[in-house]
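Asks: Please see the structure below; I have some questions.
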Amino acid sequence: MTHRIVVDVQTGEVTQVEYTAEEQAAYDAAVAAQAEASAETPAETPVEPTEGV
Amino acid sequence: MSVTLNASTSSGLVQTADTSGTIELQSNGTTRLTVASGGVTANNLSLNSTAITSFGGGVITSGTAVASTSGTSIDFTSIPSWVKRITVEIIGVSTNGTSNFLIQLGTSGGIVSTGYLSGVGSRSNETTSTAGFIVGIPAAAGNNLTGIIPICNYTTNAWVTSGVLSRQDGFLNASGGSISSLGGTLDRIRITTVNGTDTFDAGSINILYEG
């Protein structure tokens, strides 16, 4: 299962919260859509100048 | 009712008492200072700066640094309602993809994912978002970012940000944005990616908050 990290700033408690079934379904659909889109469109490689800003 | 000391202009010092465990200091019937089990509350308090010789700390509060090595988002919750400025601290954070980094604010009703006006740019690459404060452009998977993103209260539920992240290849990612109405009191903040599916795989994140 996919998860998110949740930090309670009052208590300092850090928890790993698993996606709900609904969230996981949305996640799976998004990943599938991205895979489909990348299969249809050649991936573009970001081009940056060689010198930093 | 509580234990009350009232500096009355008609009767001088008036004292009333009960067993509530609360003490109130009044000026002519108006409570100015309340000492209760939950803390001290002052009404219309003024502090003379020359009288303040030191603070014991707590003016800026640090959250809890968390490793950003898994998950699709990192939420900092239970942010106090009096907070006026949050600083997101990002150190060496990367994901397994190239989706841009996004910071979203939230209320007790959940994370707000609409209504933002934000943009980020590096030397030859820029983009915008209405789904959150877009703050970083990882040009390649594993390309990590470091820096701070201050987020400041503008009016009641309006917030504004501007910050810079340094990418490991040397390019700076400058960002800015605002949200005119969060729809409620801010109590949480989320660091995620635009596509919401890339997974954090390195670094750590923390926040500072202050009133």
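Protein sequences, first through last, are from chains V and F.
Quick note on our numbering: the first sequence kicks off at 6 and runs consecutively.
Quick note on our numbering: the second sequence kicks off at 2 and runs consecutively.
Glycine is no exception: its CB is placed at the ideal position from the N, C-alpha and C atoms.
Note that the structure is predicted; figures quoted are calculated from it, not measured.
Can you have a look at F:Val41 and say buried or exposed, based on whether 16 or more other CB atoms are within 10 angstroms of its CB?
Replies: The sequence position of residue 41 of chain F within the second sequence is 40, counting from 1. Classification for F:Val41: exposed.
Asks: My understanding is that F:Asp188 touches F:Ile80, with C-beta atoms under 8 Å, so please give their C-beta distance in whole angstroms.
Replies: Position 187 of the second sequence, counted from the start, is the residue given in the question as residue 188 of chain F. Position 79 of the second sequence, counted from the start, is the residue given in the question as residue 80 of chain F. So it is a contact: roughly 5 Å between Cβ atoms.
Asks: What three-state label does DSSP hand F:Ser79 in the structure shown?
Replies: Taking the second sequence and counting its residues from 1, one reaches residue 79 of chain F at position 78. Here F:Ser79 sits in coil by DSSP.
Asks: Out of F:Asp199, F:Tyr210, F:Gly204, which one is the CA nearest neighbour of V:Asp33?
Replies: Counted from its first residue, the first sequence places residue 33 of chain V at position 28. Answer by Cα proximity: F:Asp199.
Asks: Taking just the CA atoms, how far does F:Ile135 sit from F:Ser163?
Replies: By one-based count along the second sequence, residue 163 of chain F stands at place 162. By one-based count along the second sequence, residue 135 of chain F stands at place 134. Approximately 10 Å, taken between the alpha carbons.
Asks: Check whether the Cβ of F:Gly197 lies closer than 8 Å to any Cβ atom in chain V.
Replies: Mapped onto the second sequence, residue 197 of chain F falls at position 196. Taking Cβ atoms only, chain V reaches closer than 8 Å to F:Gly197, which makes this a yes.
Asks: Could you tell me which of F:Gly13, F:Thr62, F:Ser3, F:Gly64 sits nearest to F:Leu34, measuring between CA atoms?
Replies: Counting from 1 along the second sequence, the entry for residue 34 of chain F is found at position 33. Comparing Cα positions, the closest option is F:Ser3.
Asks: Which of the three DSSP states, helix, strand or coil, is assigned to F:Gln169?
Replies: In the second sequence, residue 169 of chain F corresponds to position 168, counting from 1. F:Gln169: coil per DSSP, three-state reduction.
Asks: Answer yes or no: do F:Gly120 and F:Asn174 have a C-beta to C-beta separation smaller than 8 Å?
Replies: Position 119 of the second sequence, counted from the start, is the residue given in the question as residue 120 of chain F. Position 173 of the second sequence, counted from the start, is the residue given in the question as residue 174 of chain F. The answer is no: Cβ separation not under 8 Å.
Asks: Are F:Tyr210 and F:Thr20 close, meaning C-beta to C-beta below 8 Å?
Replies: The count along the second sequence starts at 1 and reaches residue 210 of chain F at position 209. The count along the second sequence starts at 1 and reaches residue 20 of chain F at position 19. In this structure, F:Thr20 does not lie closer than 8 Å to F:Tyr210 by Cβ.
Asks: What residue range is occupied by the uninterrupted beta strand (DSSP E) comprising F:Val89?
Replies: Within the second sequence, numbered from 1, the residue matching residue 89 of chain F stands at position 88. Its beta strand (DSSP E) spans residues 86-96.
Asks: Assuming F:Ala66 contacts F:Asn207 (C-beta within less than 8 Å), just tell me the rounded distance between them.
Replies: What you label residue 66 of chain F is simply residue 65 of the second sequence in a count that begins at 1. What you label residue 207 of chain F is simply residue 206 of the second sequence in a count that begins at 1. About 4 Å separates the two Cβ atoms, so the contact holds.
Asks: Which residues of chain F have a Cβ atom closer than 8 Å to the Cβ of V:Ala35, listed in chain order?
Replies: Counting from one through the first sequence, the residue named residue 35 of chain V turns up at place 30. In chain order: Asn196, Gly197, Thr198.
Asks: With the cut-off set at 8 Å, would you say F:Thr115 and F:Thr186 are in Cβ contact?
Replies: Translated into positions along the second sequence, residue 115 of chain F becomes position 114. Translated into positions along the second sequence, residue 186 of chain F becomes position 185. No, these two residues do not count as a Cβ contact at 8 Å.
Asks: Do you know offhand how far F:Thr194's Cα is from V:Ala40's?
Replies: The sequence position of residue 194 of chain F within the second sequence is 193, counting from 1. The sequence position of residue 40 of chain V within the first sequence is 35, counting from 1. Each residue's alpha carbon lies about 17 Å from the other.
Asks: Can you tell me whether F:Trp160 is buried or exposed, with buried defined as 16 or more other CB within 10 angstroms of its CB?
Replies: For the purposes of this step, residue 160 of chain F is taken as residue 159 along the second sequence, with counting starting at 1. Buried, because 16 or more other Cβ atoms sit within 10 Å of the Cβ of F:Trp160.
Asks: Excluding the 5 residues preceding and the 5 following F:Thr99 in the sequence, name in chain order all residues of the same chain whose CB lies nearer than 7 Å to its CB.
Replies: As a first step, residue 99 of chain F is located in the second sequence; it is residue number 98 there, counting from the start. Result list for F:Thr99: Pro139, Ala140, Ala141, Ala142, in chain order.
Asks: Check the Cβ of F:Ser79 against every Cβ in chain V and list those closer than 7 Å, keeping chain order.
Replies: Residue mapping note: residue 79 of chain F aligns to position 78 of the second sequence, counting from 1. Under the 7 Å cutoff, chain V gives Asp13, Val14, Gln15.
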